[in-house]
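To keep things clear, I will list the structure first and then write my remarks on it.
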Amino acid sequence: MAPHNYSGPWQNFPSIDKWIQFEDMFNRNKSSMASTGDTGEDIGRIWNAIKECAKIGVDERVILAIIMQESHGDVGVETTFSPRDHIPTGGLMQCSGCDGCPGRHGVSQAEITDMVRKGTEHFKGNLKAHGDKWSGESIYPALREYNSGSVNNGDLSDGQGATASYVSDIANRLTGWVN
Numbered sequence: 001m002a003p004h005n006y007s008g009p010w011q012n013f014p015s016i017d018k019w020i021q022f023e024d025m026f027n028r029n030k031s032s033m034a035s036t037g038d039t040g041e042d043i044g045r046i047w048n049a050i051k052e053c054a055k056i057g058v059d060e061r062v063i064l065a066i067i068m069q070e071s072h073g074d075v076g077v078e079t080t081f082s083p084r085d086h087i088p089t090g091g092l093m094q095c096s097g098c099d100g101c102p103g104r105h106g107v108s109q110a111e112i113t114d115m116v117r118k119g120t121e122h123f124k125g126n127l128k129a130h131g132d133k134w135s136g137e138s139i140y141p142a143l144r145e146y147n148s149g150s151v152n153n154g155d156l157s158d159g160q161g162a163t164a165s166y167v168s169d170i171a172n173r174l175t176g177w178v179n
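Residue 132 in UniProt numbering sits at position 132 of the sequence shown; the count goes up by one each step and never skips.
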């Protein structure tokens, strides 16, 4: 499946009924996670962490899509720095305030859940800022804000210094694309 280039306002992105089911999405991404050096236990713990953190009020598919976009599911991903403020962002969801486990694999459930919780809580704050609805109207602008810190609602591909294709990439992941 080749990715589609989505851009413009949230209405130009696929509706939730076009998204694949979580289990299918997770299974499609297992080999990508394993290719990072993750152990089978790491991958199982990512599943557990997503299921637990979805209780915060974020769709488990969105959590997984952010994980795959930010780190390809690599529990030992290196810490990066935000483009605007150069604040360290670590862990599976590359979230500020998350130390992550750089260079490590075979990490504990508590460490993996902590990485996913911090990213999910951060995204939930973005979601609330955009109406906290279980629809593209809130989710896609919240994804733009998660990546770039601000949103041009007329063009969610306006990265404002961050990854322009971020929201489009996530939308593709939600509909079955794997890279």
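Just so it is clear, CB atoms sit at the ideal spot from N, CA and C, and this is done for glycine as well.
In whole angstroms, what is the alpha-carbon distance linking residue i and residue j?
{"i": "Pro-9", "j": "Arg-144", "result": "11 Å"}
{"i": "Trp-177", "j": "Asp-85", "result": "31 Å"}
{"i": "Ser-71", "j": "Lys-128", "result": "24 Å"}
{"i": "Leu-64", "j": "Gly-119", "result": "11 Å"}
{"i": "Asn-179", "j": "Ser-32", "result": "8 Å"}
{"i": "Gly-76", "j": "Gln-69", "result": "15 Å"}
{"i": "Ala-142", "j": "Val-167", "result": "9 Å"}
{"i": "Leu-17", "j": "Cys-98", "result": "Before going further, note that residue 17 is Asp rather than Leu in the sequence given. Whole-angstrom Cα-Cα distance: 32 Å."}
{"i": "Asp-38", "j": "Asp-158", "result": "33 Å"}
{"i": "Lys-55", "j": "Gln-11", "result": "27 Å"}
{"i": "Glu-121", "j": "Met-1", "result": "31 Å"}
{"i": "Ala-110", "j": "Ala-34", "result": "20 Å"}
{"i": "residue 181", "j": "Ala-171", "result": "Residue 181 cannot be examined here, being either before or after the span of the chain that is shown, 1 to 179."}
{"i": "Phe-26", "j": "Ile-67", "result": "11 Å"}
{"i": "Tyr-6", "j": "Ser-165", "result": "8 Å"}
{"i": "Arg-28", "j": "His-105", "result": "21 Å"}
{"i": "Lys-30", "j": "Gln-160", "result": "32 Å"}
{"i": "Phe-81", "j": "Asn-147", "result": "12 Å"}
{"i": "Ser-150", "j": "Ile-43", "result": "32 Å"}
{"i": "residue 185", "j": "Asp-114", "result": "Residue 185 lies beyond the stretch modelled for the chain, which goes from 1 to 179, so this question has no answer here."}
{"i": "Phe-13", "j": "Phe-22", "result": "19 Å"}
{"i": "Thr-36", "j": "Cys-53", "result": "23 Å"}
Does the ligand SAM have a heavy atom nearer than 7 Å to the CB of residue i?
{"i": "Glu-60", "result": "With respect to small molecules bound, the structure shown includes none, and the ligand SAM cannot be examined in it."}
Would you mind reading off the limits of the beta strand (DSSP E) that contains residue i?
{"i": "Pro-88", "result": "88-90"}
Go to residue i, then tell me how far its alpha helix (DSSP H) extends in each direction, as first and last residue.
{"i": "Asp-169", "result": "166-174"}
{"i": "residue 239", "result": "One cannot answer for residue 239 here, as it falls past the ends of the chain, which runs 1 to 179."}
{"i": "Ala-110", "result": "109-129"}
{"i": "Gln-69", "result": "60-71"}
{"i": "Cys-98", "result": "Run containing Cys-98: none; DSSP gives neither H nor E here."}
{"i": "Glu-41", "result": "40-53"}
{"i": "Glu-23", "result": "22-34"}
Report, in whole angstroms, the separation of the C-beta atoms of residue i and residue j, which I expect to be a contact under 8 Å.
{"i": "Thr-60", "j": "Lys-51", "result": "A quick correction: the sequence has Glu, not Thr, at residue 60. At roughly 7 Å, the Cβ-Cβ gap stays under 8 Å, so Glu-60 and Lys-51 are in contact."}
{"i": "Arg-45", "j": "Ile-112", "result": "4 Å"}
{"i": "Lys-124", "j": "Gly-57", "result": "6 Å"}
{"i": "Gly-103", "j": "Gly-91", "result": "So it is not a contact: roughly 13 Å between Cβ atoms."}
{"i": "Thr-163", "j": "Ile-20", "result": "That pair is no contact at about 22 Å."}
{"i": "Val-107", "j": "Ala-49", "result": "Incorrect: roughly 11 Å between the Cβ atoms, too far for contact."}
Is it the case that the region 124-139 contacts the region 154-161, given that we only count it when at least three CB pairs across the two stretches are under 8 Å? Under the 8 Å Cβ criterion, the region 154-161 does not count as touching the region 124-139, having fewer than three qualifying pairs.
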